[in-house]
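Protein chains in written order, with the working numbering: chain A, 23 to 209; chain B, 575 to 1282.
We put the beta carbon where it would ideally sit given N, CA and C, even for glycine.
A quick write-up on the structure given underneath.
What follows is the structure, encoded as structure tokens:
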């Protein structure tokens, strides 16, 4: 399932898929990433991290101190000035390389729709087959705003030439974590 | 056709930006890749079933949607007309003090000219979909339903952006997109209201589904405090799970993608980032859709999911763009929607652009018979307004065998001063336009029906009635002679019913179904005389009449008595190459050994490929007879003849021919063949005019001396 997901996601437009056995390794990667992308406390270089189950797994304050410019409270202005937006996704779809987001909380949309780079954390165990399978897991009566995200923001409106990063992220980095939200473990 | 239509066609043909862009995209190949591992027929059948059923109870679904969405906290307004929808939105703007609006792509708002209407109240609406924004800056309507600015080049777009953003810009597309991002981004933050459309409306849950690649709909529905969605009633489906097949087909068919970058299901208002609750209004618009649903024929068009695949494959659309072929909604489906959302009259000029090649029907994600419905518009217009006198007279003449055949015989004598090598040369000046790009064939000195009487055939137990069709009878009689010879070799004796006359396809294609039924009635019984085993036809258009249309048209015209006989004719009817292929495979025809191989490219006539479903058989038969098939690009794309289309739309017809000839030449084959005298007239005339070495020959003539 993961291999199919990765193959499809990586052909959906400026998308990389990483996989880590443990949450600690994934967090290590994210720290390196924030460093490499030179996240700092000035507009255009912020990072915003929307409320996610993974936040319970580490000391948020410590990380915020390490990366001035990293914010765990997502406002429209911070998201507008963000280089990196981090969110956690509910489900992955192998058939299309998509991810399903419960976007009810506006933070999720701001962080994943306005930043230049969207870092999407996905529990590897949550990769399922396709949209019909997803429809048995997520329902509009529970989730008021659901978004399926497939690749980066793109257009071919000028001469059918692909261009990435129109109104949303121009790069999508998917971080699959094996030990996150395992069956039978509370998330 | 009106003069201004001719002028706009002429103007459009001078600018082939869109055709070039579609070529570089290579839609057929990219689309095929997107559908790998997907059963397209099963998928589109499920969409047709879901949406067809929904179209039968739109009013009920609208009420269910309203009830469920309102229970979720959404305000739902049912607008009966465009005016009611515009007024509701304008009033809401007034109530909320809205001055600035950002919009994501919505054809429904284009349909009701919303931007213009709001502008009159001093409200500024900015499009945020890149293509729509470009059209807005250019003060133009979309030329394509999915890719609105496909007709503009990067140079033209760069100029528009430079003027809007007051900075010098180069033509780099990647940079232009970033310029648009920066310019539009501020608008999202400043807007008081976001307006979107919807791709699907789910009655069961009161949800709308919006697909975009750019991500603008997510911002339009997130940043402003009020969200209004304008949704046509035809977007309704009963259940949540009904959205799955639509989401599987829409991106694949529209843009060769597995899924759009973003597909959002919005089912209730959510909190804004300042803690206030968003207001969500959904305007469910009728604007003649309920009336359309009551029409037994046009109800089908409400199944459309707006993928615009019918535009991408249309040989006419690519030449003239949606600015000529369509109004707000463009191309084949756009013609049908224009007839209903505007009025029948406004679609009259547009409908005449459809050549009836059926390419769109084959690819439609909702199984809509688009060419059939356009023909129905033509029929209703002909019923209401009457056909132009000259066409009506011509069709009446064709339907009178004696008069028509006498005219053809007379023409064969009168044309003599102009004829050379089977073409009419040096036409008098006032007619020369007809032969500018294509030589015209001459009428044969002796028609097939006269030659037939002189052919000595062996007596055989098995008989085939040969239906020649007018063109083969009077223009290409040699093909008829070849057909008799080949069938005789297989032990089949050919009958030629003298009373046969025009099959009625010209009448059918002009919307004169009563005259088409007359034609059917005159031919059916003569063809069954002598109880032949087969009815052999070697014209794809005539085959369509015999095999598909006669029984249908008699039923429609309430002339029931001959229907069983029409069905008997249909069951016996074979295209000639189809029968030869069968006879070779049954070892009743044996190809000669040791004959010299020749190369050939095969043109699929629209009627043969898509109406009758014959495309493999002629290739198999010709291969067995010693021809190496070198396939051309777009072998099944229309050559531009289309019966009377070439006379009614000469400029478009000639451009289609030009492309076909280029594709033929590129194969390097010695021959091109097609089992349709109409296509052969077009191809042979075009090849002659361009001085080509390639010969366009009927399959029967190519095979006549190839069997033992």
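Nonlocal neighbours in the same chain, by C-beta distance under 6 Å from residue 629 (chain B), ignoring five residues either side: Sequence-distant Cβ neighbours of residue 629 (chain B) in its own chain, meaning closer than 6 Å and more than five residues away, are 867, 873, 876.
Secondary structure, alpha helix (DSSP H): runs of 4+ residues fully inside the stretch 760-818 of chain B: Secondary structure within the stretch 760-818 of chain B: the alpha helix (DSSP H) runs of 4 or more consecutive residues, fully enclosed, are 790-794 (chain order).
C-beta neighbour in chain A for residue 1013 (chain B), strict 7 Å: Cβ-Cβ to chain A under 7 Å: no for residue 1013 (chain B).
As assigned by DSSP and simplified to three states, the class of residue 123 (chain A): The answer is strand: DSSP assigns residue 123 (chain A) an E or B state.
For residue 59 (chain A), three-class secondary structure by DSSP: Residue 59 (chain A) falls in the coil class under three-state DSSP.
Any C-beta of chain A under 7 Å from that of residue 1278 (chain B): No - not a single Cβ of chain A is within 7 Å of the one on residue 1278 (chain B).
First through last residue of the beta strand (DSSP E) which encompasses residue 1011 (chain B): Unbroken run through residue 1011 (chain B): none, as it is neither H nor E.
7 Å Cβ cutoff, residue 858 (chain B) in contact with chain A: Not closer than 7 Å to any Cβ of chain A, the Cβ of residue 858 (chain B) fails to qualify, so no.
N- and C-terminal bounds of the beta strand (DSSP E) containing residue 194 (chain A): Here the beta strand (DSSP E) through residue 194 (chain A) covers 193-199.
Residue 208 (chain A) burial status per 10 Å Cβ neighbour count (16 or more: buried): With a pLDDT of 43 at residue 208 (chain A), under the threshold of 50, the modelled position of this residue cannot be trusted; read the value that follows with caution. Residue 208 (chain A) is classed as exposed because its beta carbon has fewer than 16 other beta carbons within 10 Å across all chains shown.
Where residue 93 (chain A) sits in the DSSP three-state scheme: The answer is strand: DSSP assigns residue 93 (chain A) an E or B state.
Burial state of residue 194 (chain A), where buried means 16 or more other Cβ atoms lie within 10 Å: Around the beta carbon of residue 194 (chain A), 16 or more other beta carbons sit within 10 angstroms, so the residue counts as buried.
Outcome for residue 1060 (chain B) when other beta-carbon atoms lying within 10 angstroms are tallied against a minimum of 16: Buried, by the Cβ-count rule.
Coil, strand or helix - residue 1225 (chain B) by DSSP: Secondary structure at residue 1225 (chain B): helix, using DSSP grouped into helix, strand and coil.
Proximal residues to residue 1086 (chain B) (C-beta, below 7 Å), its chain only, five neighbours per side dropped: The beta carbon of residue 1086 (chain B) is closer than 7 Å to those of 956, 961, 969 in its chain, skipping five residues each way along the sequence.
Residue-level contact to chain A via CB, residue 704 (chain B), 7 Å cutoff: Yes - at least one Cβ of chain A is within 7 Å of the one on residue 704 (chain B).
Contact belief for residue 1218 (chain B) with residue 1080 (chain B) at Cβ below 8 Å, rounded distance in angstroms: Right, their Cβ atoms sit about 6 Å apart.
Stretch pair the stretch 150-170 of chain A + the stretch 112-126 of chain A: three plus CB contacts closer than 8 Å: As far as the Cβ criterion goes, the stretch 150-170 of chain A touches the stretch 112-126 of chain A, which means the pair count is three or higher.
Closer than 6 Å: residue 978 (chain B) CB and nearest the ligand FAD heavy atom: As for the ligand FAD, it is missing from this structure, which has no ligand bound.
Residue 614 (chain B) at chain A interface by Cβ criterion, 7 Å: No Cβ of chain A is located within less than 7 Å of the beta carbon of residue 614 (chain B).
Spatial neighbours of residue 701 (chain B) in its chain, beta-carbon cut-off 7 Å, leaving aside the 5 residues before and after: Closer than 7 Å at the Cβ level, and outside the excluded window around residue 701 (chain B), lie 677, 707, 710.
Alpha-carbon spacing of residue 615 (chain B) relative to residue 622 (chain B), whole angstroms: Straight across, the Cα-Cα distance linking residue 615 (chain B) with residue 622 (chain B) is about 10 Å.
Same chain only: Cβ atoms within 6 Å of residue 597 (chain B), ignoring 5 sequence neighbours per side: Excluding positions up to five away in sequence, the list is empty.
Whole-angstrom C-beta distance between residue 817 (chain B) and residue 856 (chain B), which should lie under 8 Å: Rounded to the nearest angstrom, the Cβ distance from residue 856 (chain B) to residue 817 (chain B) is 16 Å, too far for a contact under 8 Å.
Under 9 Å by beta carbon: chain A residues contacting residue 728 (chain B): Result: 180, 181, 183.
Cutoff 7 Å: residue 86 (chain A) Cβ touching any chain B Cβ: Using a Cβ-Cβ cut-off of 7 Å, residue 86 (chain A) does not count as an interface residue toward chain B, since no Cβ of chain B sits closer than that to its own.
Three-state class that DSSP yields for residue 1035 (chain B) in the structure shown: If DSSP states are grouped into helix, strand and coil, residue 1035 (chain B) belongs with coil.
Amino acids of chain A, ordered along the chain, whose beta-carbon sits closer than 8 Å to that of residue 1020 (chain B): Within chain A, no residue comes near residue 1020 (chain B); the closest Cβ sits about 53 Å away, beyond 8 Å.
Same chain only: Cβ atoms within 8 Å of residue 789 (chain B), ignoring 5 sequence neighbours per side: Closer than 8 Å at the Cβ level, and outside the excluded window around residue 789 (chain B), lie 835, 836.
Against chain B: residues of the stretch 122-148 of chain A by CB proximity under 8 Å: Only those residues of the stretch 122-148 of chain A whose C-beta falls short of 8 Å from the nearest C-beta of chain B are listed: 125, 126, 127, 128, 129, 131, 132, 135, 136.
Extent of the continuous beta strand (DSSP E) run through residue 723 (chain B): For residue 723 (chain B), no beta strand (DSSP E) segment is defined, and its DSSP state is neither H nor E.
Cβ of residue 167 (chain A) within 7 Å of any chain B Cβ: With 7 Å as the cut-off, residue 167 (chain A) counts as an interface residue toward chain B.
Minimum Cβ-Cβ distance from residue 120 (chain A) to chain B less than 7 Å: At least one CB atom of chain B sits nearer than 7 Å to the CB of residue 120 (chain A).
Length of the line joining the Cα atoms of residue 966 (chain B) and residue 1071 (chain B): When rounded, the distance between both Cα atoms is 27 Å.
Short CB-CB distance (under 7 Å) between residue 748 (chain B) and chain A: Closer than 7 Å to some Cβ of chain A, the Cβ of residue 748 (chain B) qualifies, so yes.
Members of the stretch 1199-1227 of chain B that neighbour chain A once the beta carbon cut-off is set at 8 Å: Within the stretch 1199-1227 of chain B, no residue qualifies.
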